[in-house]
Amino acid sequence: MEIIVPIRQVPDVALNIRVNEGKVVEDGVSFVISSWDETAIEGALQMTEELGGEVTLLGIGPERVSEALRKGLAMGAHKAIHVLYEEGQTDSFGYAKIMAKVMEGRNYDLILTGKQAQDTDAGLTASMLAEFLDLPQVTNIIRFSDLAVDGMTLYRKGDHGTEVIGIKLPAVVTVNDSLNEPRLASMRGIMMAKKKPMETLSPSDLGMGAEELGLQGSMTEVLKFEKPESRKEGERFEGDETETVPMAIQKLVSEAKLAV
Amino acid sequence: MSSTDLTLDEQDIHFLLKDWLNVSRLSQYDSFKDFDQETIEMLVEEGLRFATDVVAPSRTESDRHGCRMEDGRVVTPECMKEPYRKGYELGWAALNASPEYGGQGAPASVGLAVNEGINAGNPGLSAHFALTIGAARLVESFGSEELKAKYIERMNRGEFNGTMCLSEPHAGSDVGAGLTTAEDAGDGTYRIKGTKSWISNGDTDLAENSIHAVLARIKGAPEGTGGLSLFLIPHTLVEEDGKLGAWNDVTVASIENKMGLHSSPTAVLKFGENDHCRGWLLGEENRGMSCMFQMMNEARIGTALIGLANGSAAYQNALSYARERVQGTHISKIREPGTPRVAIIEHPAVRYNLMQMKGKVEGMRALLYATANILDDLECLDQEDPLYEDSRMLLDILTPLCKGWCTETGIDVVRTAIQVLGGVGYTKDFPLEQMYRDIRVSAIYEGTTDIQALDLVGRKMTLQNGALFQSLMGRFSSNLEKNRENPQLQAAYQQWEKQCETVYEMAMASKEVVEDRGIEGVALYATPFLKFLATVAAAGFLLEQAVIAVSKLDQLIAEKAVKDSDLEAFLENNPEARFFNNKRITAQNFVDTIVPEAEALLAGAKSRNYGALDINF
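Protein sequences appear in the order of chains F and E.
First residue of the first sequence? That's 5 in this note's numbering, and the numbers climb one at a time after it.
First residue of the second sequence? That's 32 in this note's numbering, and the numbers climb one at a time after it.
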């Protein structure tokens with residue numbers, strides 16, 4: 005089974021992300037593979053371990069994206085494609101178009117990726133890619149079974165239950181992080197990663213002109229980022245409850261405008 | 032960052048490996064040809080991730096449950112099993128072991144970085160990994176081909192556990208008084224009889240078998256350490272086909288009921304109670320102590336790491352807590368009504384404690400990583416290269432400094448961290464009380480601090496007519512010559528130069544002390560001298576780092592075209608700039624406050640006070 009896993013490199017959300025003049029400050033930020041995409045890599049590795057075949061990673065972005073691809077290779081993926089892309093702001097539509105171009109002429113049975121990216125939380129790219137490629141799609145899977153090279157059964161998480169869906173391949177599938185626990189890279193995996201093939205392409209290699217890239221190739225534009233206000237310090241009322249409860253209610257009515 | 036979870040200072044670790052030590056330069060040598068910068072960075076990142084995600088979750092539980100004896104064998108806490116298995120499966124447990132025998136062959140400095148995380152995550156588990164590698168390396172250095180083939184790879188895979196057995200009930204620091212005997216059985220093996228105590232990980236259910244490296248005296252051999260030989264003794268015999276055979280008459284008599292480090296069982300082992308314990312000689316007869324020193328020196332660096340790893344983790348927890356905990360108003364506004372309360376990090380006394388911890392942690396890291404880097408040089412350099420001999424001498428003199436100072440300082444840092452947290456730091460709701468218990472033994476085992484000090488003043492300082500000490504002073508001199516005019520660090524270098532001179536004067540004065548009061552006069556102040564010399568060495572390394580940091584900060588300011596008026600905001604908002612600036616402040620603070628504190632311990636030596644020798648207790 006040949007699986008392509010598009011991955012996105014995002015700022016490490018464990019760190020304090022700073023915003024300045026409406027933009028995320030990238031200085032000093034470390035980048036990681038979006039966690040849902042790590043789940044997709046693990047899922048793809050499990051599938052190829054069962055059926056054979058190879059996992060190819062696809063990353064789009066500046067030079068630093070190659071680090072994320074190397075990490076995926078260290079986890080066990082077989083090869084990687086890096087579209088070296090410095091165009092700045094690009095929306096899901098723009099990225100899906102680039103991915104569709106990369107897929108042209110390639111042999112694959114499945115495109116498996118995270119249900120959304122950790123930075124934008126948009127969750128649109130995979131669905132748009134499926135449309136561009138005219139492929140069936142299933143999103144947000146939490147399990148797969150009956151694995152075969154021409155199809156499988158997928159379990160899709162919904163708000164009130166789980167949909168069980170049979171799908172024919174090739175297809176686009178996105179994963180929920182409860183699908184699996186991504187493996188950690190082993191030392192041997194890291195040492196082998198740099199020997200694995202990484203194909204580097206530019207947008208022009210894909211035959212894409214300026215009008216298809218960056219904001220020109222996007223349908224939406226992020227005007228600015230804002231950080232949520234930090235929570236105010238709580239207030240403690242000292243005394244027994246006959247005193248403190250009325251004090252708290254008074255405060256809720258006067259400051260939080262709670263109707264009683 | 033959290034006041035309870037494990038946080039590692041990855042930024043400082045990467046700075047040391049890349050910008051200060053340039054570890055990737057080792058890739059020019061065959062031994063480390065695959066370790067380029069990108070690979071080293073990924074190894075350290077992923078190794079530390081293993082530490083935080085897999086190892087650290089076992090820390091508290093393994094302390095609460097501890098190891099126990101069941102049917103004469105040690106049972107380790109259940110939570111240790113998964114991180115132990117994954118450590119070997121992923122390759123982090125045998126990072127530095129020889130690739131020829133299934134290890135990963137990474138440079139010592141890279142291994143140290145990953146082990147800093149693993150040790151902070153669970154020092155007992157880290158001890159399992161480190162002792163097994165050390166024992167495997169003894170077999171590699173001194174074992175026959177048959178022993179190598181039979182044991183090393185299985186030890187590097189974690190199937191077999193490794194130990195070092197020196198102490199006996201009546202022979203602790205005085206190893207030469209050991210009573211364990213060995214008698215030639217005439218079939219290439221020796222019959223071993225005796226009791227060994229304080230054996231870290233002396234038995235475990237994490238591995239299938241335990242392989243003990245044991246010092247014993249062959250019948251008729253001289254008394255003292257010169258008559259000790261080194262033996263490999265498996266708990267269970269290993270057959271020719273690799274299968275486990277009969278029990279080798281090694282009895283686990285008991286495990287100690289300790290203050291901390293409950294995830295590492297400390298055993299009393301009895302060899303040959305039934306007269307059928309077989310041992311295999313490692314190295315030559317009566318050369319056991321010098322063979323064992325290979326493992327002891329590695330273990331001393333490994334034990335020093337406990338000080339750094341746990342000190343650093345405690346500092347990170349305290350720093351996080353100080354940022355979160357709101358208490359009291361700012362001291363400058365204490366009389367202004369309605370002044371809001373502030374996080375305790377705003378209080379000068381708390382800042383003093385945090386600064387002390389930060390300086391000491393970075394000083395420990397500098398000393399240890401520099402030492403590991405020397406180990407790497409020794410691995411790569413030709414023995415005929417003059418740098419080889421210089422590096423070997425530096426390693427020899429730095430080893431007791433690392434062990435003695437880093438363990439004592441780590442304990443001090445954890446103590447200060449508890450002070451920052453106040454009452455809650457004393458509770459089991461936070462990890463610091465456990466760290467305080469766990470770390471305490473580091474200044475005791477693998478040679479107490481005082482033993483390290485005696486090794487320093489009684490042996491290392493005098494060896495080869497003081498050549499080792501001169502080698503260290505030579506490193507200080509070249510640092511001074513190269514950097515003393517650095518405009519941003521001139522004051523710090525001036526201060527440090529005086530401290531280096533004091534070191535030299537104190538060392539030279541030891542001859543007079545011997546004349547005046549005999550060798551016990553020197554021994555009396557050996558430990559304060561070790562602490563002072565170690566802080567001076569750490570200060571020198573921190574200053575070298577500061578020179579690099581100020582240069583990088585200048586580059587960054589130029590690249591970003593930061594105006595003077597915007598500098599404060601730039602240092603606040605750019606994490607890299609803030610890190611570089613803090614390196615300068617930390618180095619200056621270290622020479623101004625931490626080295627003088629250690630120097631003050633020598634006041635008695637300077638005034639030639641021998642009260643401790645004169646008093647009639």
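Idealized CB from N, CA, C, for every residue including glycine.
Beta-bridge partners of residue i, as assigned by DSSP
i	result
Gly251 of chain E	Note: Gly251 of chain E sits in no beta bridge, so no partner.
Pro10 of chain F	F:Leu62
Arg160 of chain F	F:Ile145, F:Glu167
Phe262 of chain E	E:Val245, E:Leu312
Ala202 of chain E	E:Glu199
Asp215 of chain E	E:Tyr221
Thr330 of chain F	For residue 330 of chain F there is no data in the structure shown, the boundaries of chain F being 5 and 264.
Glu203 of chain F	F:Ile85
Thr617 of chain E	The partner list for Thr617 of chain E (beta bridge, DSSP) is empty, contrary to what the question assumes.
Pro15 of chain F	F:Phe35
Ser190 of chain F	Beta-bridge pairing links Ser190 of chain F to no other residue.
Whether residue i touches residue j by CB criterion (7 Å)
i	j	result
Met2 of chain F	Asp113 of chain F	Outside the shown range of chain F, which is 5 to 264, sits residue 2 of chain F, and nothing can be said about it.
Thr212 of chain E	Arg248 of chain E	yes
Phe229 of chain F	Val28 of chain F	yes
Cys433 of chain E	Leu409 of chain E	no
Asp65 of chain E	Met195 of chain F	yes
Leu633 of chain E	Phe563 of chain E	yes
Ile442 of chain E	Ile475 of chain E	no
Ser295 of chain E	Gly155 of chain E	yes
Ala144 of chain E	Ile44 of chain E	yes
Gly47 of chain F	Leu158 of chain F	no
Gln122 of chain F	Ser234 of chain F	no
Ile45 of chain F	Val9 of chain F	yes
Ala166 of chain E	Ala244 of chain E	yes
Ile149 of chain E	Phe191 of chain E	no
Ala130 of chain F	Thr178 of chain F	yes
Between the CA atoms of residue j and residue i - distance to the nearest angstrom
i	j	result
Met388 of chain E	Ala353 of chain E	13 Å
Ala87 of chain E	Arg639 of chain E	48 Å
Asn144 of chain F	Tyr419 of chain E	59 Å
Cys531 of chain E	Pro627 of chain E	12 Å
Ser140 of chain E	Leu210 of chain F	43 Å
Met395 of chain E	Gln619 of chain E	16 Å
Thr70 of chain E	Leu77 of chain F	12 Å
Leu426 of chain E	Asn328 of chain E	10 Å
Glu439 of chain E	Phe610 of chain E	26 Å
Glu184 of chain E	His293 of chain E	28 Å
Arg240 of chain F	Glu77 of chain E	43 Å
Val381 of chain E	Gly390 of chain E	14 Å
Ser198 of chain E	Gly478 of chain E	11 Å
As assigned by DSSP and simplified to three states, the class of residue i
i	result
Arg104 of chain E	strand
Trp311 of chain E	strand
Cys196 of chain E	strand
Ser231 of chain E	strand
Leu564 of chain E	helix
Arg222 of chain E	strand
Asp95 of chain F	coil
Lys637 of chain E	helix
Ser343 of chain E	helix
Asn348 of chain E	helix
Lys459 of chain E	coil
Val357 of chain E	strand
Trp123 of chain E	coil
Phe611 of chain E	helix
Ile365 of chain E	coil
Ile337 of chain E	helix
8 Å contact criterion, which residue i and residue j should meet: CB distance rounded
i	j	result
Val170 of chain E	Leu162 of chain E	Not a contact, Cβ separation roughly 13 Å.
Gly133 of chain E	Arg80 of chain E	Not confirmed; about 23 Å, so no contact.
Asp308 of chain E	Arg446 of chain E	One point to set straight first is that residue 308 of chain E is Cys, not Asp, in the sequence displayed. In fact, because the Cβ distance is near 43 Å, the residues do not count as touching under 8 Å.
Ser228 of chain E	Glu316 of chain E	Not a contact, Cβ separation roughly 24 Å.
Thr235 of chain E	Val85 of chain E	Between Val85 of chain E and Thr235 of chain E the Cβ distance is about 18 Å, and since that is not below 8 Å, they are no contact.
Scan the region 163 to 194 of chain F for residues whose Cβ lies nearer than 7 Å to a Cβ of chain A and list them as they occur along the chain. Checking the listed chains, one finds no chain A in this structure; the protein chains it contains are F and E.
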